Amino acid sequence: LSKIEYHNLLGRAKLVFSANLQETLGISWYEGALVDTLPMVPDRLSYSEMALNEFKYPSQWTVDFKNYETNREQIVKRIHDYMINYETYLPVLQKQVRKLQDDFFSGRKLYGAIGNGS
5 LSKIEYHNLL GRAKLVFSAN LQETLGISWY EGALVDTLPM VPDRLSYSEM ALNEFKYPSQ
65 WTVDFKNYET NREQIVKRIH DYMINYETYL PVLQKQVRKL QDDFFSGRKL YGAIGNGS
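Residue 95 in the working numbering sits at position 91 of the sequence shown, and the numbers go up by one each step.
Put into structure tokens, the structure is as follows:
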């Protein structure tokens, strides 16, 4: 996909799912959240610190293919819940976006520390 195609697709999606075993900041789920796409991320890597509990699933569900097969039904149920209750999750998603903007994707704290000589 081109960058434009990717962003257009993301803008039409309701959910971004990750089963990443490694990542570098996980920017795609933040991009999705900015356009009201719910994240579903494992409770591992930077997601543990960055994501609200409402959007995390247990890490062991997707740590390998065998665990995915074992937990597939729970994953599908979680996805179904997000789809059926999408509108209900939007206020929580806005809280998630603010957290990401304020704590992870803003230079405000860094600039403040530099300005104060810290």
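Using N, Cα and C, we set each Cβ at its ideal position, and we do this for glycine too. These numbers were taken from a predicted model, which means no experiment stands behind them.
Exposed or buried, residue i, counting other C-beta atoms within 10 Å across all chains shown (16 or more means buried)?
{"i": "P43", "result": "buried"}
{"i": "P46", "result": "buried"}
{"i": "Q100", "result": "buried"}
What's the gap between the Cα of residue i and the Cα of residue j?
{"i": "E58", "j": "F108", "result": "18 Å"}
{"i": "K70", "j": "F21", "result": "18 Å"}
{"i": "T74", "j": "Y61", "result": "14 Å"}
{"i": "Y34", "j": "G116", "result": "24 Å"}
{"i": "V39", "j": "S63", "result": "25 Å"}
{"i": "P95", "j": "Y51", "result": "19 Å"}
{"i": "N136", "j": "I83", "result": "The question about residue 136 has no answer here: the residues shown for the chain are numbered 5 through 122."}
{"i": "Y93", "j": "R102", "result": "14 Å"}
For residue i, collect the residues of the same chain with a Cβ closer than 8 Å to its Cβ; drop the 5 residues on either side in sequence, then sort them by chain order.
{"i": "Y72", "result": "A23, W65, T66 and I79"}
So, at 7 Å on beta carbons, what are the nonlocal neighbours of residue i in its own chain, with the 5 sequence-adjacent residues on each side left out?
{"i": "P41", "result": "This sequence places Thr at residue 41; Pro is not what is there. Answer for T41: L14, A17, K18, L19 and V20, listed in chain order."}
Quick one: give me the first and last residue of the beta strand (DSSP E) that residue i is part of.
{"i": "V96", "result": "No beta strand (DSSP E) contains V96, which is instead part of the alpha helix (DSSP H) from Y90 to D107."}
{"i": "L42", "result": "L42 to P46"}
{"i": "L19", "result": "L19 to F21"}
Hey, quick one: how far does the alpha helix (DSSP H) through residue i stretch, first residue to last?
{"i": "G15", "result": "K7 to R16"}
{"i": "G37", "result": "Before going on, a small fix: residue 37 reads as Ala here, not Gly. I31 to L38 is the span of the alpha helix (DSSP H), which, as asked, contains A37."}
Next item on the list: Would you be able to state if there are at least three C-beta pairs under 8 Å between the segment 6-14 and the segment 47-66?
Entry: Taking 8 Å as the limit for Cβ pairs, the verdict is that the segment 6-14 does not touch the segment 47-66.
> Is the segment 27-41 close to the segment 74-86, with three or more CB pairs under 8 Å?
Replying inline: No: fewer than three Cβ pairs fall under 8 Å.
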